[in-house]
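Colleague: This is the structure I have questions about; it appears just below.
In my numbering, the protein residues as written are 301 to 475.
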């Protein structure tokens with residue numbers, strides 16, 4: 301991506317929902333030179349379900365990808381931050397002084413979340429409303445979706461394993 305002195309000390313975060321099956325439409329498969337009609341493979345109408353992930357990255361690379369079980373609420377979001385944000389900075393040898401970027405999702409801007417940031421002396425980048433696609437993590441989510449769906453997972457455990465593996469493979473140069 302882009303690296304400047306201003307972006308070096310930033311951590312970008314976000315959530316993404318990933319469907320078990322990439323396409324919710326019928327796929328036609330032709331069998332080489334065999335003149336038989338195409339075989340229609342049906343996939344579940346809503347992608348077979350999905351998993352929700354939280355991730356974070358900096359110019360030094362990606363950090364642990366977290367699967368979100370159940371519905372994400374303010375307390376679950378704080379749990380994820382408490383368990384991963386500072387640990388990931390330590391793992392990347394980046395220290396505790398950084399600017400954190402997140403979108404304006406209500407759980408991100410909730411009073412309890414903002415109080416937690418204040419209590420941790422964490423600088424949070426102000427983010428314009430109605431602009432979630434400006435978050436640089438969207439580029440990595442796109443890369444992850446493409447890589448994972450090329451592996452054709454058949455169940456949620458496999459989907460999660462593929463996500464974790466492909467996320468870890470994202471090169472630092474892409475961050």
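Cβ atoms here follow ideal geometry from the backbone N, Cα and C, with glycine treated the same way. Here the structure is a predicted model, which means the values were calculated and not measured.
#1: Near residue 317, which residues of its chain fall below 6 Å by C-beta distance, leaving aside the five closest residues on each side in sequence?
#2: Rounded to whole angstroms, what's the CA-CA distance from residue 382 to residue 367? Just pull it up for me.
#3: Here's the rule I'm using: 16 or more other beta-carbon atoms within 10 Å means buried, otherwise exposed. How should residue 429 be labelled?
#4: Give the C-beta separation of residue 392 and residue 361 to the nearest angstrom, bearing in mind that I take them to be a contact with Cβ-Cβ under 8 Å.
#5: Excluding five sequence neighbours on each side, which residues of the same chain lie with their C-beta closer than 6 Å to the C-beta of residue 451?
#6: For the beta strand (DSSP E) containing residue 354, name the first residue and the last one.
#7: Hey, residue 364 and residue 388: beta-carbon distance below 7 Å or not?
#8: What residue range is occupied by the uninterrupted alpha helix (DSSP H) comprising residue 462?
#9: Evaluate the contact criterion for the region 397-409 versus the region 368-380: three or more CB pairs, one atom per stretch, below 8 Å.
#10: Using 10 angstroms around the beta-carbon of residue 418, count the other beta-carbons present and answer buried if the total reaches 16, otherwise exposed.
Modeller: On the basis of the supplied data:
#1: 350 and 352
#2: Straight-line Cα distance between these residues: approximately 15 Å.
#3: exposed
#4: The Cβ separation is near 6 Å, so the contact holds.
#5: 462
#6: 350-358
#7: yes
#8: 456-469
#9: Cβ pair count under 8 Å is three or more, so yes.
#10: exposed
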